[in-house]
Every structure is written in structure tokens, then in C-alpha cells.
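To start, the structure itself, in C-alpha cells.
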Amino acid sequence: MMSEEHRIPRHVAIIMDGNGRWAELHGMERYEGHTHGIEPIRIVLRTAARLGVQYLTLYAFSTENWGRPANEVRALMELFCRCAINEMPELKAQGVRVRVIGDRSHFSDEVRHRLEELEDGTRNGTRLTLVLAIDYSSRLEIVEVARELARMAAAGALDPEAIDEQHFADALWTAGMPDPDLVIRTSGEQRLSNFLLWQASYAELYFPEVLWPDFGEKEFVRALEAYAQRDRRFGLVKNTTHNVD
Ligand code: IPE
Ligand code: IPE
Ligand code: MG
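One gets this note's numbering by counting positions in the sequence shown from 1 and adding 180 to each.
See the structure below:
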């Protein structure tokens, strides 16, 4: 029997998918689907904080998403800026700390500035860490770690034989964060799309059919309930008396 504290995942990561299909279904432009994807974020964040989730990571924009039509990308960047400004007071009031993970080098000065302001402005939040994955690519993140460790080895600051998983984890954009316990992807798609490939090694995966703009408290609680029913074994056998310490 799991203890009560293990029933609530410490870190939930969400691939917020289906905004475009939702918009199409409602006779709207794709970007309007993204706008309607903001309220579910507020709801999930509030619920996560109330239930004691400590880290909430949201996949908001992948590096591959730069390849979408220019007007959609522009609308998304504007939305990020608008939200960074408008949501800051409420995030601070809720004790939320924001951390942005991603490449960042393709952002306009405006987007970079707004996101840095949001990180700075919320740095004292201790209740929940909201991690925004924007211009995020898990493969690029891993390649950058390899590059950084290789640089250190070449400079004689690191013995290649000494490189272990901890070195690697400490050099990822997610350094210092626990791995996600639960990864949710909405809209019925069952893939990770270059999201937290290293970090989600032992995450439980949950794929509800609902499109992101229709995701609400009920759906989030259902996901947490499904998680609580899962039997996480981490490669060990079920009866722990048989495992070597
Ligand atoms: C997810 O919704 C949001 C982003 C990728 C920014 P989509 O825009 O991918 O929605 P679908 O998958 O086309 O319905
Ligand atoms: C993943 O969704 C990225 C985000 C939700 C931000 P996509 O809609 O871009 O992924 P694919 O193209 O279906 O794999
Ligand atoms: Mg999609």
C-alpha cells in the first residue's frame, strides 16, 4: 500500500495538445485555440498548488513549432508576452515561482525580456514551481549537455571516465528539479514529441482524449487519480522483500 504522500505526484508535466483542433471544431482560427488554452492553465495551476504538487511543467512551444505558419507563431509569441505581464500578480499571490526551459536563442528581445521579468518577479515563490517549456527540444537539451561536458573534459576539468548520470542531470536545463512522476498529453495523441526524454524515463504516462482548451479541474483530478492507481516498480519486482538493497 502506498503512503498518502506518494499518491500526489511531486512533479506533473503536461503536453498541452489539441488547441488547433479545438479551434477548427468551433469554426475559429488556430491561434484562437491557443487563447482558449490559457484558462485551463490557470485551473490546473490552482488545483495543483491546492493538492500539493510541487512542480508543474507545461510544454507550451517546441523548437519544431517554429516551422508553423508565421501568423500562428506570432500569435503564440504575443500570447506568451501578454500572459507574462498579466499573470504575474496572481502567480506571485499564489506563491508560484516560474522557471523557463528551452533554447531561448530564437526569441525576439521582447519575448526574452518578458520571460526573464517573469522569472525574476516570481523568484521568491516557494509553494509551487511552474516550469514553462518554450522553444524546448529534449534532444537539443541533451546535445547541449554533451557539448558542455566535452568542453569541460577538453579543458581538463572533468575526467571522461567520471561522467555519470548525475553529471548529466546536473547539466540539463532542468537541473535541480525532480524528474516528472506523471506526464499527461491531451488530445488523444500518444507520443512525447521531443519532451523531457531523459527526465521522463520512469514517468507514468496518461493520455486523455480531451482537447487542451476543454481540460479542467475534473480532468486533472481524474489524471491524478489514475496516477495514484499505478504501480511504479522502477525495474524492481513487486514484492520488495525480494529486491537487493
Ligand atoms: C498545442 O496545440 C499547442 C502548441 C503546439 C503550441 P496544437 O496547436 O498542436 O493543436 P493541434 O494538435 O493542432 O490540434
Ligand atoms: C507538442 O505538440 C508541442 C506542444 C504541445 C507545445 P505538437 O502538436 O507540436 O506535436 P506533434 O506535431 O503532434 O508531434
Ligand atoms: Mg498538436
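All C-beta atoms in this analysis are idealised placements derived from N, C-alpha and C, irrespective of residue type, glycine included.
None of these values were measured; they are calculated from a predicted model.
Quiz item: From which residue to which residue does the alpha helix (DSSP H) around ARG262 run?
Solution: The continuous alpha helix (DSSP H) containing ARG262 extends over residues 250 to 266.
Quiz item: Which of the three DSSP states, helix, strand or coil, is assigned to ASP315?
Solution: In the displayed model, ASP315 falls within a strand according to three-state DSSP.
Practice problem: Can you check DSSP and say which residues form a bridge with ARG222? | Solution: DSSP, once it has assigned bridges, lists no residue as partnering ARG222.
Practice problem: Starting from the N-terminal end, write out each residue whose C-beta falls within a distance shorter than 7 Å of any non-hydrogen atom of ligand 3. | Solution: Listed along the chain, these residues meet the criterion: ASP197, GLY198, GLY200, SER367 and GLU369.
Self-check item: For VAL192 and MET182, the rounded distance between their alpha carbons
Solution: Here the model assigns MET182 a pLDDT of 45, short of 50, so the residue's position is not dependable, and the following value carries that caveat. C-alpha separation (whole angstroms): 18 Å.
Exercise. Report yes if the CB atom of ARG190 is closer than 8 Å to the CB atom of ASP361, and no otherwise.
Key: Cβ atoms of ARG190 and ASP361: closer than 8 Å.
Quiz prompt | Supposed close pair MET196, THR309 - CB separation, criterion 8 Å | solution = The distance from the Cβ of MET196 to that of THR309 is about 17 Å, inconsistent with a contact at the 8 Å cut-off.
Quiz prompt | Proximity below 8 Å, CB of ASP350 to CB of LEU320 | solution = Cβ atoms of ASP350 and LEU320: not closer than 8 Å.
Quiz item: When you compare only the Cα positions, how much space is there between PHE348 and GLU244?
Solution: The straight-line gap from Cα to Cα measures roughly 24 Å.
Self-check item: Cα-Cα separation, TRP392 to TRP202
Solution: When rounded, the distance between both Cα atoms is 8 Å.
Quiz prompt | Nearest neighbour of ILE188, chosen from ASP359, GLY232 and VAL278 [CA to CA] | solution = If we check each option's Cα against that of ILE188, GLY232 comes out closest.
Quiz item: Taking contact to mean at least 3 C-beta pairs separated by less than 8 Å, is the segment 322 to 332 in contact with the segment 285 to 299?
Solution: They do not touch, by the three-pair rule.
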